[in-house]
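Its first residue numbered 587, the sequence shown is counted upward by one per residue in my numbering.
Take a look at the structure set out below.
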Amino acid sequence: MALTIAFQIFKTSPLRGPNSLYINHLSKRLQSSKAETFLSGTNANYLEAQYLDWKNSKGASWDGFYESVSGPTLKIEEFEDEFSPGTSTKPKKKEDKETTERIKMHLAVMSLIRSYQVRGHLLAKTDPLNLTIAANWLLNKQVPPLELKGVECGIVSRELGTSLAEAQMDEVFELPARTYIGGKETALPLREIVSRLELSYCGSIGVEYMHLYDLDAIQFIRERMEPPGVFDKTPEEKRTIMRRLTKAVFLEKYFATKWPAEKRFGLEGGESMIAMLEEIVDTSTKLGVESIVMAMQHRGRLNMLVNVCRKQLTDIFAQFKPMEPKEPGSGDIKYHLGTFIHRFIRRTNKYIKVSMSCNPSHLEVVSPVVIGKARAEQHWKGDSNGDKVMAIVMHGDAAFSGQGVVYETMQLGNLKFFTTHGSIHIVCNNQIGYTTDPRFSRSVPYCSDVAKAFDAPVLHVNGDDAEAVAHAARIAIEYRCKFKKDVVIDFVCYRRFGHSEEDEPMFTQPFMYKKIKSMKTVDKIYEERLKAEGVVTDADIKKWEKEYTDTLNKHFELAKKITKLSIMDWVDTPWTGFFEATDPKKVKDTGISESAIETISKHFCKPPEPWAFECHKGIHRILERREKMVKDGIADWAMGEALAYGSLLRDQIHVRLTGEDVERGTMAHRHHVYHHQGIDGATYRVLDTLYPDQAKYSLHNSSLCEFGILGFEVGYSYSSPYLLTIWEAQYGDFADEAQPVFDTFIVNGESKWICQSGLVIQLPHGIDGAGPEHSSGRVERYLQQADDDEDRIPDLDDKEMWVKQLRSSNWIVCNVTTPANYFHLMRRQIALPFRKPIILMTPKVGLKHPYYTSPFKDFLPGTCFQRAIRESGPASKKPKEVKKLIFCSGKIAITIDELRKEKKMEDKIALCRIEQVYPFPYDIVLKEFCRYEKARVAFCQEEHKNQGPWPFVRPRLENLLGKKVEVITRPPSAASATGIKWIHAKELKELKEAIIS
């Protein structure tokens, strides 16, 4: 506008020359002035304002200039743009109003399409019982509750019924680029647009995906939900689905016929889950997956074992008979068992390993375990991107929304050192939790809503629509393999017979179960559909049913011939060749050579080059102290750890150590990772460069959770006998957050499932005034769960007694007080011809205390783990003059040693430290007792009398020695420690007085 004014004024001005180049320039610029208002800034506005002021006020000072302008009257409004402060408004033409309205309509259609993409799932018909849809949940939250009226309810889109009404239904609208409902068409009538959107998003599949951060992921799902015909299946695919449904339904019917009173948690009401898993397995082989690690709830487990994991029917049927087991152990109920198999997939002509993990009744405990197993298998296969190995985790609806470990498990999905590069989570949504309705068990419309916190798409699917189930399965596996992220399938079904076959659901859900009684099985529903389409005939159906029934009968007869139950047949992660290649009576030497000690210790003291890496100045002080100790031939706790891990890495043993602060150590003793002080994120990992051909050292800080991380590491430890897996709690007290993992996997996994683990659990422990939540690893809990008879003393003359004790134990409980003993204990985990978990109370004060040091000679070949450390000081020289023999465990040894030195009673009090509390070292204890035959015998602990090792040690000591044993301890307490300094000092004083009394 300003350009035009300037031109009008200037072209007739007497000031310009006849050949002005500037006028020519203005003429050219004027032709595009509307499109390019290069003066539409402060100058243009000022010029316009000056002209308008002159025009309105007739100011004499500008008369000469403006009156000299010839030509038509200057009309500024003709050249107004968005920057003009114009005072007049040009009336809009009718055509302009129609264009504006048309634009608004197109925008409304765009908004409508997006609304269905975002919220169409709320109206999806995913409930096979047709009792509810997600929109009802929202409407019932309104006060007063609103009535649902199809698409006009406003739940999905506010445009329908307002800006887009019946009058516009037959109008044709251009389709935006971010939708595929048109197929090859670029414009559709509104009625057709709505129809296709409802088909895509409000049918048997409801999909939540618009919350995803990755735009490519959003587009990927659109491409598999919106195009016309995208849900269509070929006749061959339909026949395959039908056959799978037949097997699933007929197996459950066979179980019900042969064992009507047997509890088995059948899949009735959700049989199409078999078709879903089969589709995932088939498609995964096409996409390059070589191994699938699975976990699931007990519902439908037997069906899954047979029809997906291909477990022999004979073995399944034998589980229904009461038989003596071949192997020792408690075993487990049939719907908790696992298996593995290498399957051949005919569709792709490829093999795939499918393993089903054993599972306790604590439904979600297995979830992080399976994720850990999958991660470990990826490590062993060199699968750094999750192309070859993946996890499938199946959940119950009430458990998925109610159990916190689900959140903890999914939280691992994008953590670099815990991710499995995407897992498929399948929720078997029975729409009930035992007897509790969803409206009383969760605060959100869907049981799967937690998944949206972790950038995972959710596919809700009707379990009675078999083709939709298969389609959702294919989307899930393709999404996982392409984007390497978690995906969730909410498989909506029902329980035909209540929580179990013995349950009467009409007590609590009468309306639901009246509806269920009228429901056809999914195979009949799909059979009618395929017959109507001409895909199958009655003859096809009868043939498939007869073939499978004959197979079932054949294996039923074979099962009658089985006379003994084999627990080994149900191992889900076999260590092929390990036990066969190992001498069951031989334990390898755990000492290492002087050269290995020198190499590791010097490397551990050497800082990175200062020109390449800037360390914290405190690190240099720590390294200087370490270097001095190395010169003196002494190892502190940090050096003992480094020698243990470093020597195992040299021996090609993969070491994995995780926990909330393990890189530095909770008490800042370890420092295996240095952080560059000038570059954010740059680190130097000390033990990663120890040997050029060493095994991998996976030292990683974890998220702030115990349940999920410990479960993950349990699964990791199951993967191979050739690794040392360590989980370290920030403080020993915090392990109670993971108690279900201890109770259902670690303490009894071998007894139930013949599943060995060499996992080491390190619990910082010590009563040192830190209060009740930072003091005790609760060693009494783990000792109470020891599989040991206190009244049975082993054969002490048997030289292999200690190995036999370890072999028969369910785990090992230790409180180690020297770096050398820690070193040998870690190496013994690999040297044993079997694997056992270790519960290890680790020091806090002792990490840097001179009492907790060892000379390098204690690490050499010929040395070994000391189950109990006998007295070696002045008292051992004159045993007959010793007045008191004190057995103890843990940090209290420091107090006893300092006290007897202070009181000059080193020759009067003998001290024996019990390092391995379970299995109990009967032989060493008896030797010490006989050595000091005139001494009073006492057991001393820093814990309270009703806690610590005393309740476990007392009956064993007294049964072995044949006499009462004095106890020196704090008084009984409900709390593990006091938080009041005065009380702590008083207790410690009384403890010391009792020691020397």
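Note that the Cβ used here is the ideal one computed from N, Cα and C, for glycine as well.
CB of residue i within 8 angstroms of CB of residue j, strictly
| i | j | result |
| --- | --- | --- |
| V1047 | V992 | no |
| L880 | C1014 | In the sequence under discussion, the amino acid at residue 880 is Met, which differs from the Leu named in the question. Not in contact: M880 and C1014 (Cβ atoms no closer than 8 angstroms). |
| N1407 | F1451 | yes |
| I927 | T871 | no |
| W1130 | R885 | no |
| Y787 | Q703 | yes |
| T1403 | A1479 | yes |
| I1153 | G917 | yes |
| D1322 | H1360 | no |
| S851 | S1086 | Correcting the residue identity first, residue 851 is Phe in this sequence and not Ser. Closer than 8 angstroms, so yes. |
| T1168 | P1423 | no |
| M980 | M882 | yes |
| V951 | S943 | no |
| R1028 | S987 | yes |
| Y1368 | I1425 | yes |
| I827 | E1114 | no |
| M1427 | G1459 | no |
| I1332 | V1300 | yes |
| V1399 | V1173 | no |
| H1255 | L1433 | yes |
| A985 | L949 | yes |
| E1200 | G1264 | yes |
| G1355 | K1572 | no |
| S1233 | R1499 | no |
Spatially closest choice to residue i from the options, by CA coordinates
| i | options | result |
| --- | --- | --- |
| P1465 | F1473, F1445, A1496, I1472 | A1496 |
| R1242 | Q1095, V1078, K1282 | K1282 |
| M1092 | T1022, S1181, D1155, D1136 | T1022 |
| D1611 | R1413, D1329, D1384 | Lying before the first or after the last residue shown, residue 1611 is absent from the chain, which here runs from 587 to 1583. |
| L891 | Y921, P1537, A1042, G915 | Y921 |
| G1548 | T1555, C1516, A1560, P1537 | C1516 |
| I527 | L923, V1272, V1248 | Because residue 527 is not part of the residues shown, which for the chain are 587 to 1583, the question remains open. |
| P585 | A763, T1137, S790, A753 | Lying before the first or after the last residue shown, residue 585 is absent from the chain, which here runs from 587 to 1583. |
| V1551 | A861, V1511, A1571 | V1511 |
| L717 | K1390, Y1080, V1074 | Y1080 |
| P1436 | M1412, R1456, D1483 | D1483 |
| E1210 | A1224, P1193, G1219, I1220 | P1193 |
| T1275 | R1236, L923, Q1263 | R1236 |
| C895 | P914, H1530, D868, G915 | D868 |
| F930 | E876, Q1238, K1217 | E876 |
| F903 | L1392, L888, K912 | L888 |
| A1059 | W845, L1574, I791 | I791 |
| P762 | H692, E784, M811, F806 | H692 |
| I1340 | I699, P1326, D1158 | D1158 |
Inter-residue CB distance, residue i and residue j (contact presumed, cutoff 8 angstroms)
| i | j | result |
| --- | --- | --- |
| M1253 | K1070 | No, M1253 and K1070 are not in contact; Cβ-Cβ is about 37 angstroms, not under 8 angstroms. |
| Y1504 | S1337 | The pair is not a contact, with the Cβ atoms about 15 angstroms apart (cut-off 8 angstroms). |
| D1076 | Y1032 | 6 angstroms |
| S1585 | F1473 | In this structure the chain extends from 587 to 1583, so residue 1585 is not present and cannot be described. |
| Y1112 | K833 | Not quite, the Cβ-Cβ distance comes to about 13 angstroms (not below 8 angstroms), so this is no contact. |
| A1563 | P1350 | A1563 to P1350, Cβ: 13 angstroms. No contact. |
| Y766 | P1043 | Going by Cβ atoms, the distance from Y766 to P1043 rounds to 16 angstroms, so no, they are not a contact pair. |
| T900 | L1144 | 5 angstroms |
Assess contact between the stretch 1346-1355 and the stretch 1370-1388, defined as three or more Cβ pairs (one per stretch) separated by less than 8 angstroms. Is contact present? Touching, no.
Count the CB pairs spanning the stretch 1183-1196 and the stretch 1222-1229 that are closer than 8 angstroms, and state whether there are at least three. The stretch 1183-1196, when compared against the stretch 1222-1229, does touch it at the 8 angstroms Cβ threshold.
Pairs of beta-carbons, one from the stretch 1084-1104 and one from the stretch 895-912, closer than 8 angstroms: are there three or more? These segments do not touch.
Which ranges does the beta strand (DSSP E) cover as unbroken runs of at least 3 residues, wholly within the stretch 1283-1331, from first to last along the chain? Within the stretch 1283-1331, the beta strand (DSSP E) runs of at least 3 residues that lie entirely inside it are, in chain order, 1283-1287, 1309-1314.
If you scan the stretch 941-991 from start to end, which runs of the beta strand (DSSP E) of 3 or more residues do you find wholly inside it? Under the rule that a run must span 3 or more residues, the beta strand (DSSP E) segments found entirely inside the stretch 941-991 read 975-982.
Length-filtered (4 minimum) alpha helix (DSSP H) runs lying within the stretch 983-1068: The qualifying runs are 983-988, 990-997.
Curious, which full-length alpha helix (DSSP H) runs of at least 4 residues does the stretch 1437-1475 contain? As far as the stretch 1437-1475 is concerned, its whole alpha helix (DSSP H) runs of at least 4 residues are 1460-1463.
Residue ranges of each beta strand (DSSP E) within the stretch 1333-1357, 3 or longer: For the stretch 1333-1357, whole beta strand (DSSP E) runs of length 3 or above, ordered along the chain, are 1346-1350.
contact_flag[the stretch 1530-1538, the stretch 1553-1563] where n(CB pairs < 8 angstroms) is 3 or more: They touch, by the three-pair rule.
Which full runs of the alpha helix (DSSP H) of 4+ residues lie inside the stretch 851-924, going along the chain? Taking only runs of at least 4 residues, the alpha helix (DSSP H) segments lying wholly in the stretch 851-924 are 858-872, 887-893, 899-904.
Sequence ranges, alpha helix (DSSP H) only - wholly within the stretch 1062-1148, length at least 4: Qualifying alpha helix (DSSP H) stretches, in chain order: 1096-1103, 1108-1119, 1124-1145.
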